[in-house]
Amino acid sequence: QEKFKYLVDPCDVFSKFHDYVIGFGYRQRESEVGPPPISFRIQRKSEFGECEFLRKIFSPANSPECAYVLRYIEFTNRQDNLWSLRQYVVYSKYSTDPASSCATWIFLGAFKRAQTALEDNKKRIHDWKKQNPFEIHLMLVDVALKSWREYLIHLHDQTMDLVIFFIKTRFNADELQSKHAQAAKDSQKLKGIEDRVLDAILSLESTTHTLMALTTMFHRLYPSKQGPSDERLEMIALALNDKLEETKYTQKRAEAVLSKICNTRALITVILQLRNGNDMNCQIEMLQNLEKQGQHENAAMRDLARKASQESTSVKILSVITLIWLPFTVVSSFYSSPFALQQEKDGVVKMEYSENCWIFWVLSISLVIISLAIWYICAHYGKYLRMYLTLGVKQKRWIERHVHIPIPKNEVC
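Heads up: the sequence shown begins at 1 in UniProt numbering, then just goes up one per residue.
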């Protein structure tokens with residue numbers, strides 16, 4: 001700070017110059033994209049005070065001085081961020097007297113293109129007295145303006161790539177989820193491009209105001225007169241106007257990129273809405289298909305249940321017939337004595353039961369009853385077992401709740 005003060009104080013730099021220096025320093029993010037506006041003043045002989053040195057070199061003419069910030073873009077070739085928004089400060093003070101050769105220039109900020117341009121200008125111009133300071137202003141503005149052209153082309157290409165991608169998008173039900181994720185990612189990328197374009201527009205607008213102020217100051221310092229020097233001043237005035245129009249045109253290009261970004265965002269919104277509608281239609285169609293499949297399955301299950309019920313009834317009937325027929329067969333096979341007799345009388349054969357046929361009926365009916373009882377018990381064994389266990393648990397709970405068992409006094413807990 002002391003070295004900076006030692007540099008600035010002898011040159012009698014106006015106090016507003018410190019407002020431009022505040023923006024330089026270490027910082028992690030950009031807190032002020034729009035630089036402060038250009039400031040200028042014109043010092044006269046009486047305003048130099050007691051400084052004899054300044055009165056000698058600048059008097060008797062006026063001494064205009066100005067300070068402004070130029071924003072430019074620098075290619076960094078980094079993977080995460082290829083371009084970086086930067087700035088540099090220009091301070092100028094000189095005398096309008098052609099006989100005076102004193103001029104003060106202060107530059108803050110490292111800009112390789114500007115340094116190269118100043119060095120080339122130094123080699124090209126041998127007599128500094130013949131060069132107008134506004135020519136240096138034009139050269140610095142032109143160098144800063146050239147950096148924006150490549151950057152705007154880069155942003156325009158990124159925007160057009162997104163536009164082409166969404167125009168070529170096709171609806172595929174199998175890729176809806178992946179396309180939704182890609183659309184969200186591209187929307188975030190588009191938001192980043194939009195922020196950078198807005199920063200560019202604000203910086204170019206600041207450059208436009210700087211050129212307008214320089215043009216106004218030039219016409220004030222060099223009013224049109226009839227003389228040999230008017231041709232050179234007229235060329236500088238035309239160059240200022242041309243550079244102002246070029247800056248406005250570059251700003252319009254940035255605004256056109258911003259308009260394309262807004263249109264692309266609207267296109268993304270429409271495509272996402274169509275995708276959501278298509279996705280909803282697919283879901284409705286899937287639900288309808290599932291409903292139809294469920295109806296077919298329910299009908300098939302009803303048919304299976306009906307067939308199973310019919311088969312179960314048939315099995316039960318066959319089981320009952322078997323349980324009745326089997327005891328009679330066993331009894332008739334076990335006893336060798338016949339229970340029915342055939343007698344022939346007068347040429348006619350008659351069937352008669354024997355006297356011990358009651359044994360057949362008693363044993364057969366008894367075996368049928370026993371077989372049916374065994375079959376019934378086996379079929380309902382689990383049910384009665386669960387009932388028994390449940391009844392036992394309920395009785396145990398009832399006993400624990402209502403029956404009090406006294407504890408003998410001689411037992412120790």
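Note that beta-carbon positions come from the ideal geometry of N, C-alpha and C, so glycine has one too.
By the three-class DSSP mapping on this structure, what secondary structure does residue i have?
i: H69; result: For the sequence presented, residue 69 should be read as Val rather than His. V69 falls in the strand class under three-state DSSP.
i: V90; result: strand
i: T76; result: coil
i: V13; result: coil
i: F111; result: coil
i: L85; result: strand
i: I374; result: helix
i: P133; result: helix
i: S187; result: helix
i: S95; result: coil
i: P35; result: coil
i: P64; result: strand
i: I106; result: strand
i: I359; result: helix
i: I324; result: helix
i: I153; result: helix
Are the CB atoms of residue i and residue j nearer to each other than 8 Å?
i: L198; j: L162; result: no
i: L240; j: R196; result: no
i: P64; j: F40; result: yes
i: P36; j: V90; result: no
i: V141; j: T207; result: yes
i: L204; j: A254; result: yes
i: T159; j: K252; result: no
i: Y88; j: F111; result: yes
i: R78; j: G109; result: no
i: Y222; j: L233; result: yes
i: S147; j: E231; result: no
i: T269; j: L211; result: no
Pop quiz: residue i and residue j are said to be a contact at Cβ under 8 Å. What is the actual Cβ separation, rounded to whole angstroms?
i: W72; j: A144; result: A small correction: the amino acid at residue 72 is Tyr; Trp does not occupy that position in the sequence shown. Going by Cβ atoms, the distance from Y72 to A144 rounds to 4 Å, so yes, they are a contact pair.
i: A200; j: L152; result: 7 Å
i: H209; j: I42; result: At roughly 19 Å, the Cβ-Cβ gap does not stay under 8 Å, so H209 and I42 are not in contact.
i: A67; j: K5; result: 16 Å between Cβ atoms; not a contact.
i: E135; j: I236; result: 6 Å
Spatial neighbours of residue i within its chain, please: C-beta separation below 6 Å, excluding the five flanking residues on both sides.
i: W105; result: S92
i: D186; result: L162
i: E2; result: none
i: K307; result: none
Looking only at its chain, what residues have a beta carbon closer than 7 Å to the beta carbon of residue i, apart from the 5 residues adjacent to it on each side?
i: L138; result: A239, L240 and K243
i: V368; result: L323, I324 and P327
i: N132; result: I236
i: L372; result: L323
i: Y20; result: P36, A67, V69 and V89
i: R193; result: Here the sequence assigns Ile to residue 193, which means Arg is not the residue at that position. Same-chain partners within the cutoff: L155, Q158, T159 and I261.
i: G76; result: The identity of residue 76 in the sequence shown is Thr, whereas the question assumes Gly. L82, W83 and S84, listed in sequence order.
CB of residue i to nearest heavy atom of the ligand COA: below 7 Å?
i: M301; result: This structure lacks the ligand COA; in fact it carries no ligand of any kind.
Give every residue of the same chain whose Cβ lies closer than 8 Å to the Cβ of residue i, excluding the five residues on either side of it in the sequence, and list them in chain order.
i: E50; result: The predicted model places E50 with a pLDDT of 48, which falls under 50 and marks its position as unreliable; any figure quoted below should be read in that light. Within the same chain, E50 has no close Cβ partners at all.
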